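Accompanying notes for the structure given below.
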Amino acid sequence: MQRVSLAGAYLLALSLMLGSVTAWAKTPDDQLIVGMNMNNLLTLDPAAMTGNEAPGILVNLYDSLVELDPQQLTQVRPALASSWDISADGQALTFHLRDGVTFHSGNPLTAHDVVWSMRRLLHLNLAQASVWKSYGFSRQNIDRLVSAPDDRTVHIRLPQGQRSSAGDLFVGGIGQSGGCWTASWCSSMHGRVTGAIAG
C-alpha cells in the first residue's frame, strides 16, 4: 500500500511539473526583435547618458525638436518643432513648436521647458554637452544664447566665431542627437511634469 501511495505521489508531482512548463511560441514574421546589452545603461536622463546603448533606448522614450528622416539620414525633419528658421547670417535659429504637444501628465510642452532642458544640459556639463560645446556653447554663455520669447518659440543664437553654415550643421546635430536635449526628462526634474513627452 505504501509503494502505491509513493508511486501515486511521484505521478502527481510529475503531472504538476509538466503543467507548469512554458509553451514555446513562434515570433510572428512581421515582428522585429531587438536585443541590447544594457550593462552601461546607468540612467534614463538624456542629459546624463553615456555609452553606446543609451541613445538606442532614449530616442524611443523622448522626442526632440527635429529628427533625421529614417529614409534619408542626411535630411532633417520636424519633430517637436513644426518648423525652424535660420537667419541670413547663419548665426541664429528659431524653432516653432507644434501645437498640442503634452507630457504624459497632460501638461502642455512650452518653449520654456525646452530652453530649461538645453540650459540644464550645459550646466551639468556631462558627455551629452559635447555636441553643444563643439559649437562654442558653455555654462557661461548658454543662458544668454538660448531663450524662449514666447510659449511656442525657441531662439538659439550661435556663439561668436561660428562659420555661416553653422546654423545648418547645428540643426543636423540636433537631429543626430535624438532625444538628448528635449524637455521631457529635464522638465520633470524641474517639477513641471511627471513623465516623458507624448507625441
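Per mature numbering (1 follows the signal peptide of the UniProt record, and there is no 0): the sequence shown = residues -25 to -1, 1 to 174.
No residue lacks a Cβ here, since even glycine has one placed at the ideal position from N, Cα and C.
All of these numbers come straight from a predicted model, not from anything done at the bench.
Where residue i falls: helix, strand or coil (DSSP)
i           : result
residue 52  : strand
residue 83  : strand
residue 57  : strand
residue 31  : helix
residue -2  : coil
residue 93  : helix
residue 105 : helix
residue 17  : coil
residue 38  : coil
residue 7   : coil
residue 88  : helix
Beta-carbon proximity of residue i to residue j, cut-off 8 Å
i          : j           : result
residue 40 : residue 78  : no
residue 97 : residue 119 : no
residue 52 : residue 44  : yes
residue 29 : residue 101 : no
residue 72 : residue 63  : no
residue 94 : residue 121 : yes
Nearest-angstrom Cβ-Cβ length linking residue i and residue j, presumed shorter than 8 Å
i          : j           : result
residue 24 : residue 33  : 6 Å
residue 54 : residue 130 : No, residue 54 and residue 130 are not in contact; Cβ-Cβ is about 18 Å, not under 8 Å.
residue 84 : residue 76  : 4 Å
residue 31 : residue 11  : 6 Å
Strand pairing of residue i, partner residues [DSSP]
i           : result
residue 43  : 51
residue 183 : What is shown of the chain runs -25 to 174, which leaves residue 183 out entirely.
residue -11 : Note: residue -11 sits in no beta bridge, so no partner.
residue 131 : 68, 121
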